[in-house]
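Peer 1: Note that the sequence shown covers residues -2 to 228 in my numbering. Here a beta-carbon is modelled for each residue, glycine too, at the ideal position from N, C-alpha and C.
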Amino acid sequence: MLRIATWNVHDARGADGKRDLDRVAKVIAQLDAPLIGLQEVACGPGDSCDVAQLALANGYRWHAIPTRGHADLQHGNALLSLLPVEDVRIHDLSVPGREPRGALEARVVWGRNRLRVVVTHLGLRAGERRRQVERLLSTITDDDVAATVLLGDINEWWLWGRPLRWLHRRFGASPSVRTFPARAPLFALDRIWVHPREALATVARVTTWGARHASDHLPLVATLRLPTDEI
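Okay, structure coming up:
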């Protein structure tokens, strides 16, 4: 079994309005997940950025894709990994006139298996998300991997919206778990899909005191099971 998590850390700013990176680092340690996708994390430039500090505090290697910011401060998506990462690709999902968006795709070695892990954060408008999901689905393949994992903040408020229906059709239905807002979750904005669907064993949110106060989203954790899994 492999634990995988996704978390929008909201620039390490909690529901109390305070920016506290140590608080985020402690929650990451509690997730006990060898693979963690992060959104809205400071990821550059250099090794003094938030994602580098979070990785260092918990023994992870990290890869990131800045989607907004400037030369001195960049934010975007990141993957923290305790497993070997063979290849990393960046996909631009930006829609003209809207905030830049992207996806980070990594090929990860898990025992005898290879996984394709895609971390993303989709846009706020319905039409924007439709275009981004279409682009993602045309890009992601299952070639040469035992399973493909798509995780992130999908920002889809409507359970029957086309983006969710398209993703469920491609990956198989994934549990709808409310993760936002963190203190009293009403919306399932954060998602984890796995293909083949039978490889997804469980999906659950983390509701510890730290998780409810470190960001405006709760972390979402899934367990992955393959017939030949071994770490």
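1) Could you tell me the alpha carbon to alpha carbon distance between GLY158 and LEU221, rounded to whole angstroms?
2) Could you check whether the stretch 159 to 178 touches the stretch 18 to 31, counting it as contact only if at least three pairs of C-beta atoms, one from each stretch, sit closer than 8 Å?
3) Under the DSSP definition of a beta bridge, which residues are partnered with GLN36?
4) With burial defined as no fewer than 16 other Cβ atoms inside 10 Å of the residue's Cβ, what is the status of VAL146: buried or exposed?
5) Is it true that the stretch 147 to 154 meets the stretch 176 to 193, where meeting means three or more beta-carbon pairs spaced less than 8 Å apart?
6) So who's on the other strand from ARG111, going by DSSP bridges?
7) For TRP4, count neighbouring Cβ atoms within 10 angstroms of its own Cβ and tell me buried if that reaches 16, exposed if not.
8) In three-state DSSP terms, what is ASN55?
9) Can you list, in chain order, the residues of its chain whose CB lies under 7 Å from that of VAL106, leaving out five sequence neighbours each side?
10) Rounding to the nearest angstrom, what Cα-Cα distance links LEU164 and LEU53 in this structure?
11) State whether the stretch 34 to 45 contacts the stretch 116 to 126, with contact taken as three or more CB pairs (one from each stretch) at a distance under 8 Å.
12) Short of 6 Å in beta carbon distance, which residues of its chain neighbour LYS23, apart from the five on each side in sequence? Order them along the chain.
13) Are PHE177 and PHE168 touching if we call contact CB-CB under 7 Å?
14) How big is the Cα-Cα spacing for ARG180 and LEU121?
15) Give me the Cα-Cα distance between GLY11 and ALA123, rounded to the nearest whole angstrom.
Peer 2: Based on what the coordinates show:
1) 26 Å
2) no
3) ASN5
4) It counts as buried.
5) yes
6) VAL106
7) Buried: at least 16 other Cβ atoms inside 10 Å.
8) helix
9) LEU80, PRO81 and GLU83
10) 33 Å
11) With a cut-off of 8 Å, the stretch 116 to 126 and the stretch 34 to 45 count as touching, because enough Cβ pairs lie within range.
12) GLY207
13) Contact check for PHE177 against PHE168 fails: the beta carbons are separated by 7 Å or more.
14) 21 Å
15) 26 Å
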